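For reference, the structure is listed below as C-alpha cells.
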Amino acid sequence: MTQPTVRIFPDRASLGHAAATDIATEIRERLAAQDTVRMIFAAAPSQQETLDALVTEVGIAWERVIAFHMDDYIGLPDDHPQRFGNWLRRTLFDRLPFKDVHLMRTDGDVQQRAEEYAALLDEAPIDICCLGIGVNGHIAFNDPPVADFDDPLSVKVVELDEVCRQQQVDDGCFPTLEDVPRTALTLTVPRLLRAERLFCMVPGAAKATAVRRALRDPIGEECPATALRTHPACTIYLDQESARELS
Numbered sequence: 005m006t007q008p009t010v011r012i013f014p015d016r017a018s019l020g021h022a023a024a025t026d027i028a029t030e031i032r033e034r035l036a037a038q039d040t041v042r043m044i045f046a047a048a049p050s051q052q053e054t055l056d057a058l059v060t061e062v063g064i065a066w067e068r069v070i071a072f073h074m075d076d077y078i079g080l081p082d083d084h085p086q087r088f089g090n091w092l093r094r095t096l097f098d099r100l101p102f103k104d105v106h107l108m109r110t111d112g113d114v115q116q117r118a119e120e121y122a123a124l125l126d127e128a129p130i131d132i133c134c135l136g137i138g139v140n141g142h143i144a145f146n147d148p149p150v151a152d153f154d155d156p157l158s159v160k161v162v163e164l165d166e167v168c169r170q171q172q173v174d175d176g177c178f179p180t181l182e183d184v185p186r187t188a189l190t191l192t193v194p195r196l197l198r199a200e201r202l203f204c205m206v207p208g209a210a211k212a213t214a215v216r217r218a219l220r221d222p223i224g225e226e227c228p229a230t231a232l233r234t235h236p237a238c239t240i241y242l243d244q245e246s247a248r249e250l251s
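Numbering (the working numbering), first residue to last: 5 to 251.
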C-alpha cells in the first residue's frame with residue numbers, strides 16, 4: 005500500500021503557499037495533456053491560505069478547469085454566507101474564470117439533488133481533489149457514524165455528528181451549536197478517492213490528534229481520514245501545530 009507523502013511546514017502561510025504551488029503544477033501538467041481538468045474543492049477555513057495562494061498562480065488556463073465542491077448544508081437559504089458553495093464563490097470561484105462551476109443544491113428534494121450532483125461528477129473522471137481533515141477525522145462530511153468505505157453512492161444525505169458541528173462553531177462559522185445545521189449533502193469516501201490526485205491541507209493545533217489518527221490508526225471508518233492511506237497519489241500538508249503528535 006502506498007503511504008501518503010507528508011510535508012510539514014513552519015506555519016499556515018508556508019503550508020498554503022507550498023500546497024498551492026504543487027496544485028498549480030499538477031493543473032498545468034494536466035492541461036498540457038488534455039482539454040479540461042475537473043477538480044473538487046473543500047470549503048473550510050483550513051483551506052483559506054491554499055486557495056488564496058492558488059488564485060495568485062500564473063500560467064493556468066482556468067477557462068479549461070471545471071470545479072465541484074464536496075459538501076454543503078441542508079436547510080440554509082441559497083444566499084446564506086455559510087453555505088459552502090457561497091464560501092467557495094467568495095474565496096475562489098468568483099476570483100478566477102473557470103469553465104464551469106457546479107454548485108451543490110440542497111433545496112427541495114435533497115435525494116434528487118444528490119443524484120443530480122452524482123450524475124455531474126460521473127460525466128468524466130475527476131483529476132484533482134483538494135480536501136482537509138476534520139477534528140473528528142472526517143473527510144468531506146463523512147463523520148465516523150456515517151462514513152462507509154464501501155459506499156455504493158457517490159453523494160448522500162448525512163446527519164452531522166456533534167463534534168463536527170462544534171468544529172463549525174470553533175472555526176467561527178456559526179455563533180452557537182444550535183445555529184449549525186444538523187444535516188448535509190456530501191460526496192462519499194469512495195467518490196472522493198476516485199479522484200486521480202489528492203492534495204490534503206491540514207493546518208492548526210486543533211487537528212493534531214486527527215492527523216495522528218489518520219496516519220497511525222488502523223484503516224477504518226472510526227477515523228474516516230485513514231482512507232487516504234489507500235490512495236496511490238495523496239500528499240498531506242501539515243504545519244508544526246498539526247504535526248505535533250507525530251513525533
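Ideal Cβ placement from N, Cα and C applies to all residues, glycine included.
Because the structure is a prediction, the values reported are computed rather than measured.
The C-beta of residue 251 has fewer than 16 other C-beta atoms within 10 Å across all chains shown, which makes the residue exposed. Of all C-beta pairs linking the region 87 to 103 to the region 157 to 171, fewer than three are shorter than 8 Å, placing the two stretches out of contact. Inter-residue distance for residue 112 and residue 183 is about 21 Å (C-alpha atoms, whole angstroms).
In the three-state DSSP reduction, residue 88 falls in the helix class (H, G or I).
Judged by beta-carbon spacing, residue 207 lies beyond the 9 Å limit of residue 11, meaning their Cβ atoms are not closer than that value. Per DSSP, residue 125 lies in no beta strand (DSSP E) segment; the continuous alpha helix (DSSP H) that holds it begins and ends at 114 to 125. DSSP places residue 83 outside both helix and strand once states are collapsed to three, so it counts as coil. In the three-state scheme derived from DSSP, where H, G and I count as helix and E and B as strand, residue 168 is classed as helix. Listed in chain order, the beta strand (DSSP E) runs fully inside the region 158 to 203 are 159 to 163 and 187 to 191, counting runs of at least 3 residues. Secondary structure of residue 39 (DSSP, three-state): coil. Residue 215 and residue 202 have their C-alpha atoms roughly 16 Å apart. Residue 250: not part of any beta strand (DSSP E); DSSP gives it neither H nor E. Secondary-structure assignment with DSSP links residue 76 through a beta bridge to 189. Per the coordinates, the alpha-carbon of residue 205 lies some 25 Å from the alpha-carbon of residue 186. Where residue 11 is concerned, the enclosing beta strand (DSSP E) starts and stops at 9 to 13.
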